[in-house]
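Comments concern the structure below.
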Amino acid sequence: MAAASRTEASRRPDWRALALAAAFVAAIAVPLFLDPQGYWIRILTLALIFAALGQAWNIVGGLANQISLGHAAYFGTGAYASTVLLIHFGLSPWIGMVAGMALAVVIALVLSVPTFRLKGHYFALATLAAGEAMRVIANSWKEVTGGPVGLSVPFTPEDSFWLMAYGAPRPFYWIALGALAVITVVFWRIKSGALGYRLRAVKENEEAAEVVGVNTFRAKLWASLISAAATAAMGTIYVQFNYFFDPDTVFGVASISIRMALVAIVGGIGTVIGPIVGALVVIPLEEVASAALQGQAAGLSAFAYGAILIAIILIEPRGLVALWQRLRGRMSRRAP
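In my numbering, the protein residues as written are 0 to 335.
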């Protein structure tokens, strides 16, 4: 009887997976109804980029509860590696992306040994210092990075997939959407696999996990390396989309590191769709508010981050996904 019920359950459609697939198909079609050079296509592309970044951060911050504030180090590495290789050697940004991912993995490997000995806010401060160190190095290494002046992606008169160069934001929307889909699948596979179980054990009680035989350092290391590689890949896409960048932008604490963490926390830390929901709320809100004030409020971004975080913590500390689930539960209980 039990076997029959399990068989019947296995034949039922996975409505959650079907809903995600339908949402992905709908997302593919969205740019077709927008101006390819318009304001909203740029905002949505930026939101997808930060959704992917939030998902990458979620691997470490959400599953293992390692609250990193230094992921800008990996983001900037991917940005500079791809652009420098394109400018000086004419290599495709796709090749530069792979090089940036490899370099970010090496940096993550070096940083993991000392930082994983720390816990809580000490770990967060250590990662923050690492990201800031990368910003200082990039500002000083003018021969390669351009220093504070920054770098511009070489102009290409014709659209080219190989050079990741387009005259309109629409293709970047699809590239960012594809990257988000890949990173989301990676996150889901990690969360539902053996590494995810180990990371959750680390999150709940690291000492107890070690007692029962979990190699906590190895679990956190794998999560960090995967997260770093994904973040570096998005750094490449971001600078190709923006054309110009400098160390303060791509290695920035507020502009990148906190923003990545924020979209995951607002949406629902540790959940599959949390960073996506968070990015679709936070990024458009920030961009629209900035445009409405026309740059008159210099501290708008910091104020917006603080206001959103306070509101989420007060209403539902687990994020917007948990808030929706709670409201849906109340509505279902009230239904006759």
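We treat Cβ as the ideally placed atom computed from N, Cα and C, and that holds for glycine.
Rounded C-beta distance between residue i and residue j? I'm assuming under 8 Å.
i	j	result
leucine 84	glycine 95	4 Å
alanine 67	threonine 126	Checking the displayed sequence, the identity of residue 67 turns out to be serine instead of alanine. At roughly 4 Å, the Cβ-Cβ gap stays under 8 Å, so serine 67 and threonine 126 are in contact.
phenylalanine 216	phenylalanine 115	6 Å
leucine 62	arginine 199	7 Å
proline 274	glycine 119	The pair is not a contact, with the Cβ atoms about 22 Å apart (cut-off 8 Å).
valine 201	alanine 208	6 Å
valine 249	alanine 78	4 Å
serine 223	alanine 128	Not confirmed; about 16 Å, so no contact.
leucine 322	isoleucine 312	Rounded, the Cβ-Cβ distance is 12 Å, inconsistent with contact.
leucine 146	aspartate 158	The sequence shown places glycine at residue 146, not leucine. So it is not a contact: roughly 31 Å between Cβ atoms.
leucine 33	tryptophan 39	5 Å
Specify, as a first and last residue, the run of the alpha helix (DSSP H) that residue i falls within.
i	result
glutamate 157	No alpha helix (DSSP H) contains glutamate 157, which DSSP labels as neither H nor E.
alanine 103	92–114
glutamate 131	120–139
methionine 259	258–266
arginine 317	Premise fails: arginine 317 is in no alpha helix (DSSP H) and is neither H nor E.
asparagine 57	38–60
histidine 87	71–88
valine 249	246–249
Out of the options, which has the shortest C-alpha to C-alpha gap to residue i?
i	options	result
valine 148	Phe243, Pro30, Gly251	Phe243
alanine 71	Arg329, Ala288, Ala260	Ala260
arginine 197	Glu286, Gly119, Leu45, Trp221	Trp221
glycine 130	Ile275, Leu90, Ser256, Leu284	Ser256
tryptophan 93	Ala51, Phe49, Phe160, Trp56	Phe160
tryptophan 56	Ile282, Arg258, Leu308, Ala321	Arg258
alanine 227	Ala51, Arg41, Asp34, Val29	Ala51
valine 97	Ala16, Gly166, Ile307, Ile225	Ile225
glutamate 286	Pro35, Ala180, Arg41, Leu19	Arg41
isoleucine 264	Leu117, Ala167, Ile136, Ile307	Ile307
glycine 339	Glu205, Lys202, Asn138, Gly212	Outside the modelled stretch of the chain, which goes from 0 to 335, sits residue 339, for which no answer is possible.
isoleucine 136	Leu194, Tyr165, Thr76	Thr76
alanine 16	Trp187, Asn241, Val210, Gly146	Trp187
glutamine 36	Val262, Ala132, Phe171	Phe171
phenylalanine 74	Val276, Val280, Asp247	Asp247
serine 191	Val29, Phe32, Leu326, Ile58	Ile58
valine 262	Val249, Ala208, Val280	Val280
phenylalanine 49	Trp140, Leu108, Tyr165, Ser254	Ser254
valine 238	Ala21, Pro30, Ile314, Gly99	Gly99
leucine 340	Val276, Gln65, Ser91, Glu203	Since the first and last residues shown for the chain are 0 and 335, residue 340 lies out of range.
glutamine 324	Val109, Leu284, Gly266	Gly266
aspartate 245	Val210, Ala164, Thr144	Thr144
arginine 236	Leu179, Glu206, Val210, Leu117	Sequence check: residue 236 is isoleucine here, not arginine. Comparing Cα-Cα distances from isoleucine 236 to each of Leu179, Glu206, Val210, Leu117, the minimum goes to Leu179.
glutamine 65	Ile182, Glu203, Trp14, Leu162	Glu203
serine 91	Val29, Leu162, Trp14, Trp39	Leu162
alanine 164	Phe240, Ala290, Trp14, Ala310	Phe240
Is residue i close to the ligand PLP? I mean its beta-carbon at under 7 Å from any heavy atom of the ligand.
i	result
alanine 98	This structure lacks the ligand PLP; in fact it carries no ligand of any kind.
Check your understanding: Can we say the region 96–113 touches the region 219–231, given the rule of at least three CB pairs closer than 8 Å?
Key -> yes
**Study point:** Stretch pair the region 21–29 + the region 150–157: three plus CB contacts closer than 8 Å
**Key:** The region 150–157 and the region 21–29 do not touch, with fewer than three beta-carbon pairs separated by less than 8 Å.
Point to revise | Contained alpha helix (DSSP H) runs [length at least 4] in the region 189–217, N- to C-terminal order | key: 193–210
Point to revise | Inter-stretch contact (C-beta, 8 Å, three-pair minimum) for the region 167–180 and the region 39–57 | key: yes
Review point. Quick one: any contact between the region 314–325 and the region 266–281, if contact means 3 or more CB pairs under 8 Å?
Key: yes
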